[in-house]
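Colleague:
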């Protein structure tokens with residue numbers, strides 16, 4: 001484990017914890033598996049299946065961020081991360097295994113320092129493809145609230161262009 005990167009992750013996140021360790025270790029394993037490094041642009045993509053502490057580790061170690069469009073949330077409540085290398089087309093999904101009961105600090109140390117990553121994660125092939133690169137959309141003014149909204153998020157309702165917050169979804173219960 002790279003102590004400097006761990007400390008940088010802790011500084012970004014605000015504290016050390018096993019959750020942060022999960023994201024840091026998953027990122028380090030993705031680096032090895034996909035031959036990737038910190039992404040200045042969108043060459044590395046992470047799809048996270050949670051919105052927990054580990055996501056901050058991914059941001060620090062791999063440079064994935066929502067703003068760049070290479071950190072995407074597919075929230076399933078799972079400690080799982082899918083990584084893509086845009087240059088090679090390779091992909092891998094890391095899923096945290098059920099680990100034995102340990103104290104918090106012991107768990108954090110285990111996740112960061114266990115030499116055999118297969119004791120921490122299941123390494124799988126994701127069943128979905130690399131998402132397209134982030135697109136820039138025109139802004140449209142919501143005719144209800146007057147706020148600028150990305151074109152792809154506008155709804156047409158009663159002949160008016162409205163944002164998601166101003167729309168009345170028609171679901172009929174399904």
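Residue numbers (full-length UniProt numbering): 1 to 174. Beta carbons are placed, not taken as given, at the ideal position from N, Cα and C, and that holds for glycine. Since the structure is predicted, the reported quantities are computational estimates derived from the model, not experimental observations.
#1: Quick one: Cα of residue 153 to Cα of residue 170, how far?
#2: So residue 91 and residue 81 are supposed to be a Cβ contact under 8 Å. How far apart are they, rounded?
#3: Using 10 angstroms around the beta-carbon of residue 145, count the other beta-carbons present and answer buried if the total reaches 16, otherwise exposed.
#4: Give the secondary structure of residue 51 by DSSP, where H, G and I count as helix, E and B as strand, and everything else as coil.
#5: From residue 87 to residue 43, what distance separates their C-alpha atoms?
#6: Can you grab the Cα-Cα spacing for the pair residue 120 / residue 108, in whole Å?
#7: Quick check: residue 94 and residue 137, are their CB atoms within less than 8 Å of each other?
#8: Would you call the region 39 to 53 and the region 17 to 28 touching, i.e. three or more CB-CB distances under 8 Å?
#9: Using three-state DSSP, classify residue 92 as helix, strand or coil.
#10: Using DSSP's beta-bridge definition, name the partner residues of residue 155.
#11: Taking Cβ positions, are residue 71 and residue 27 nearer each other than 8 Å?
#12: Of the choices 9, 59 and 113, whose alpha-carbon is the least far from that of residue 40?
#13: Give me, in chain order, the residues of the same chain whose beta-carbon lies closer than 7 Å to that of residue 111; leave out the 5 immediate sequence neighbours on both sides.
#14: Using the DSSP secondary-structure output, state which residues sit across from residue 45 in a beta bridge.
Modeller: Once the coordinates are examined:
#1: Cα-Cα distance, rounded: 16 Å.
#2: Taking the Cβ atoms as the reference, residue 91 lies roughly 11 Å from residue 81, outside the contact range of under 8 Å.
#3: Label assigned to residue 145: exposed.
#4: Here residue 51 sits in coil by DSSP.
#5: When rounded, the distance between both Cα atoms is 6 Å.
#6: Cα to Cα, the separation comes out at about 11 Å.
#7: Cβ distance not < 8 Å, so residue 94 and residue 137 don't count as in contact.
#8: Cβ pair count under 8 Å is three or more, so yes.
#9: Strand, per DSSP.
#10: According to DSSP, which records beta bridges pairwise, residue 155 is partnered with 162.
#11: No Cβ-Cβ contact shorter than 8 Å links residue 71 with residue 27.
#12: Checking every option, the nearest Cα to that of residue 40 belongs to 59.
#13: For residue 111, the CB contacts under 7 Å within the same chain, skipping 5 residues up- and downstream, are 18, 21, 22, 25 and 120 in chain order.
#14: According to DSSP, which records beta bridges pairwise, residue 45 is partnered with 84.
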